[in-house]
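Here is the structure we will look at, set down as structure tokens.
Protein chains in written order, with full-length UniProt numbering: chain F, 1 to 386; chain Y, 1 to 347.
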């Protein structure tokens with residue numbers, strides 16, 4: 001319990017969750033020793049279809065979903081534990097991450113039984129990669145101003161519009177797109193709908209956007225008279241905003257918000273060794289205290305979701321804090337590397353590479369998946385200011 | 001929260017509401033203890049709550065005591081409450097007879113202390129001693145070769161040089177050419193310091209939470225440019241950032257009070273250090289000039305945060321200690337250590 005309307009409960013990890021943790025660690029150890037999981041020189045979620053297939057073979061994609069759709073019916077906390085183990089070890093999970101976290105749960109919550117039967121088992125098998133078609137060139141934080149439209153045609157919908165920052169669109173089979181399907185006087189939020197687009201369909205053009213970290217993860221997706229069938233509609237026509245709000249809440253509090261650059265910290269600890277200056281230990285200790293606090297918070301939110309609560313404000317706080325923590329980690333590692341002279345003259349090449357990549361990547365932490373200014377607006381509303 | 005804990009919390013909140021007003025808080029700056037508060041706390045067994053039941057206490061846990069002290073911190077309750085609660089527990093654990101009434105408690109790491117078996121402490125000097133003139137005894141916890149030594153002295157045997165902390169509460173320097181001591185050896189100094197630091201952390205958290213809540217309320221009351229200042233995004237963003245600090249430090253402090261492990265405790269005090277700094281800056285920024293006056297209640301929490309932030313181990317001390325628990329690990333052993341440092345799950 002805490003101030004104002006913020007709420008927190010101590011997380012309780014079940015014995016099953018701890019057993020799963022050991023299974024995931026054993027899997028990672030096996031992957032490492034077999035050479036299939038080399039220590040990375042970059043941060044972020046890697047993309048590796050074969051790794052996704054091996055994770056799927058363990059039953060770890062769609063872990064919480066009903067068995068009839070390929071899931072294991074395990075708890076949200078077990079999924080949390082599995083994910084933190086995979087992320088801390090920098091296992092490349094990018095090929096299934098969005099489908100497991102967002103697309104699958106949206107279909108479970110709002111989709112038809114037919115849609116669930118078609119998509120979910122394939123996601124759980126590691127065969128499907130999903131993209132999220134929300135942002136547009138003129139609609140970033142102000143998502144409701146989006147211009148992409150779908151008009152009703154016989155037997156389906158015809159979509160026209162332009163989506164941007166679409167992660168993995170060039171590697172994915174499907175994109176769930178948010179488009180305007182009707183105009184409702186006086187409400188920008190009403191009249192939006194979610195449609196599933198087959199990215200191989202005629203009229204879809206995918207162009208790469210190379211990030212300043214030198215990577216091709218993002219794309220621009222042009223949709224020109226793309227026709228999708230009636231059963232591509234998720235949930236109710238016009239209810240897209242509410243569905244997307246629920247979807248965004250799933251993605252806020254997960255461990256990827258504070259563990260995507262964890263490899264940088266563990267590499268620093270490894271290279272630093274036991275003998276460090278007091279000032280370096282003070283910086284490192286502060287960073288670890290924020291890490292442990294975030295983990296405690298992230299577990300609490302997972303625990304509350306497991307109990308059927310909707311800790312939406314708390315989840316926004318995890319994302320605001322987690323993304324700032326990741327930027328702070330880059331600053332701290334850079335300062336300790338400098339103070340302790342760890343990477344000059346060819347020493348610690350992997351730490352050096354990680355630090356360069358993390359610095360380049362860091363500005364994105366507080367932007368992707370919703371900027372921190374928007375998150376703080378949500379928090380402000382949650383504590384009664386708006 | 002367990003039924004017992006809810007009962008403790010409600011009891012103490014009621015006592016605080018009934019007995020502690022602004023005048024009583026202010027009087028502490030003139031070295032006057034809020035006696036009706038302490039009479040009620042003693043009468044309800046709160047001061048002995050950590051003492052085992054077979055020794056006349058309630059046998060409550062550190063987690064229970066943390067809930068009480070969080071409420072006391074919210075209320076800006078002056079006086080040696082933590083010191084008495086923990087001090088009496090240490091006396092009970094060491095097999096020393098409990099003292100009547102209130103205790104002061106001080107940890108010393110590098111002072112000369114009498115050898116084992118000595119019953120006199122010669123050329124004694126201790127610093128930062130809370131409320132020495134309001135208590136019957138001063139309990140010193142000293143680091144020794146064998147762990148921790150407890151040294152119990154009569155408060156009136158000391159020569160007192162008055163010193164105040166940032167909140168204006170007494171933190172005196174005590175000296176004595178010679179003073180009788182009852183002493184005992186008790187466990188691990190660092191573990192005892194850790195318990196004290198978590199309990200102080202709970203008070204810090206309470207003071208932060210009160211300041212946060214008051215600032216949110218104030219932003220809804222205060223109008224400028226024709227509307228409540230809570231409607232301005234600049235104000236919303238500041239308070240949202242403080243909400244982050246409040247929730248993060250609450251989670252780790254609660255976990256530390258339950259888990260009592262070295263890393264959680266150190267992490268809690270490190271995290272609370274940042275949260276306290278942010279709370280002081282942001283709550284005062286939101287309050288504008290109003291919050292800077294002695295008249296307005298915000299300063300009673302702000303100044304306690306200043307006084308408590310580095311108590312029972314400074315923020316930097318706990319950061320070095322925490323990093324020391326992880327320094328020397330490898331890229332593969334670091335994460336398991338991080339995850340093991342969390343609160344172990346209950347079945």
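Here a beta-carbon is modelled for each residue, glycine too, at the ideal position from N, C-alpha and C.
Beta strand (DSSP E) segment containing residue i, residue limits
i: residue 216 of chain F; result: 216-229
i: residue 183 of chain Y; result: 182-185
i: residue 268 of chain F; result: Unbroken run through residue 268 of chain F is the alpha helix (DSSP H), 262-272; no beta strand (DSSP E).
i: residue 121 of chain Y; result: 120-130
i: residue 157 of chain F; result: 156-164
i: residue 104 of chain Y; result: 103-108
i: residue 151 of chain F; result: 149-153
i: residue 144 of chain Y; result: 137-144
i: residue 130 of chain F; result: 130-133
i: residue 151 of chain Y; result: 147-154
i: residue 161 of chain Y; result: 159-161
i: residue 179 of chain F; result: 174-180
i: residue 208 of chain F; result: 204-210
Closer than 7 angstroms: residue i CB and nearest the ligand PLP heavy atom
i: residue 33 of chain F; result: This structure simply doesn't include the ligand PLP, nor any ligand for that matter.
Partners in chain Y for residue i, counting only beta-carbon separations shorter than 9 angstroms
i: residue 373 of chain F; result: 233, 237
i: residue 327 of chain F; result: Chain Y residues near residue 327 of chain F: none, gap ~14 angstroms exceeds 9 angstroms.
i: residue 188 of chain F; result: None at all; the shortest Cβ gap to chain Y is about 19 angstroms.
Burial state of residue i (16 or more Cβ within 10 Å)
i: residue 225 of chain Y; result: exposed
i: residue 2 of chain F; result: Low per-residue confidence applies at residue 2 of chain F: pLDDT is 45, beneath 50, and the placement is therefore not dependable, though the value from the model is reported in the following sentence. By the 10 Å Cβ count, residue 2 of chain F comes out buried.
i: residue 304 of chain F; result: buried
i: residue 346 of chain Y; result: Low per-residue confidence applies at residue 346 of chain Y: pLDDT is 38, beneath 50, and the placement is therefore not dependable, though the value from the model is reported in the following sentence. Burial call: exposed.
i: residue 326 of chain F; result: buried
i: residue 70 of chain F; result: buried
i: residue 236 of chain F; result: exposed
i: residue 218 of chain F; result: buried
i: residue 78 of chain Y; result: buried
i: residue 382 of chain F; result: buried
i: residue 66 of chain Y; result: buried
i: residue 170 of chain Y; result: buried
i: residue 333 of chain F; result: buried
i: residue 88 of chain Y; result: buried
i: residue 216 of chain F; result: exposed
i: residue 167 of chain Y; result: buried
Opening and closing residue of the alpha helix (DSSP H) in which residue i lies
i: residue 38 of chain Y; result: 35-43
i: residue 12 of chain F; result: Looking at the DSSP string, residue 12 of chain F is not in any alpha helix (DSSP H), and its letter there is neither H nor E.
i: residue 198 of chain F; result: Per DSSP, residue 198 of chain F belongs to no alpha helix (DSSP H); it is in the beta strand (DSSP E), 192-198.
i: residue 5 of chain F; result: Here residue 5 of chain F belongs to no alpha helix (DSSP H), and DSSP marks it neither H nor E.
i: residue 312 of chain F; result: 312-339
i: residue 290 of chain F; result: 278-306
i: residue 85 of chain F; result: 76-88
i: residue 255 of chain Y; result: 233-259
i: residue 345 of chain F; result: Taken as a continuous stretch (DSSP letters only), residue 345 of chain F belongs to no alpha helix (DSSP H), as it is neither H nor E.
Beta-carbon separation (whole angstroms), residue i vs residue j, contact threshold 8 angstroms
i: residue 250 of chain Y; j: residue 205 of chain Y; result: 6 angstroms
i: residue 62 of chain Y; j: residue 186 of chain Y; result: Wrong, their Cβ atoms sit about 16 angstroms apart, outside the cutoff.
i: residue 238 of chain F; j: residue 176 of chain F; result: 16 angstroms between Cβ atoms; not a contact.
i: residue 301 of chain F; j: residue 318 of chain F; result: 6 angstroms
i: residue 282 of chain Y; j: residue 241 of chain Y; result: 7 angstroms
i: residue 184 of chain Y; j: residue 94 of chain Y; result: 4 angstroms
i: residue 293 of chain F; j: residue 248 of chain Y; result: 4 angstroms
i: residue 338 of chain Y; j: residue 291 of chain F; result: 6 angstroms
i: residue 76 of chain Y; j: residue 13 of chain Y; result: In fact, because the Cβ distance is near 14 angstroms, the residues do not count as touching under 8 angstroms.
i: residue 37 of chain Y; j: residue 15 of chain Y; result: 7 angstroms
Residue i: contacting residues in chain Y (beta-carbon distance under 7 angstroms)
i: residue 317 of chain F; result: 243, 244, 247
i: residue 41 of chain F; result: By Cβ distance, chain Y contributes nothing, its closest Cβ being about 13 angstroms from residue 41 of chain F, past 7 angstroms.
i: residue 320 of chain F; result: 244
i: residue 400 of chain F; result: Given a span of 1 to 386 for chain F in the structure shown, any question on residue 400 of chain F remains unanswerable.
Proximal residues of chain F, C-beta to C-beta of residue i below 7 angstroms
i: residue 308 of chain Y; result: Correct list: empty, because the minimum Cβ distance to chain F is about 17 angstroms.
i: residue 324 of chain Y; result: 281
Contacts that residue i makes with chain F (C-beta to C-beta distance below 9 angstroms)
i: residue 348 of chain Y; result: Only positions 1 to 347 of chain Y appear in the structure, and residue 348 of chain Y is not among them; the question remains open.
i: residue 230 of chain Y; result: 380, 384, 385, 386
Under 8 angstroms from the C-beta of residue i: neighbouring residues of chain F
i: residue 334 of chain Y; result: 265, 266, 269, 270
field: Stretch-stretch touch, CB-based, cutoff 8 angstroms, three pairs: the stretch 89-100 of chain F with the stretch 138-152 of chain F
entry: no
- prompt: Taking three-plus beta-carbon pairs below 8 angstroms as touching, is the stretch 267-283 of chain Y in contact with the stretch 310-318 of chain Y?
  reply: At 8 angstroms Cβ cutoff, the stretches touch.
- request: Take every Cβ of the stretch 186-193 of chain F, pair it with every Cβ of the stretch 202-211 of chain F, and state whether three or more of those distances are shorter than 8 angstroms.
  value: no
message: Pairs of beta-carbons, one from the stretch 347-359 of chain F and one from the stretch 370-385 of chain F, closer than 8 angstroms: are there three or more?
response: Contact check between the stretch 347-359 of chain F and the stretch 370-385 of chain F: fewer than three CB pairs, one atom from each, fall below 8 angstroms, which does not count as touching.
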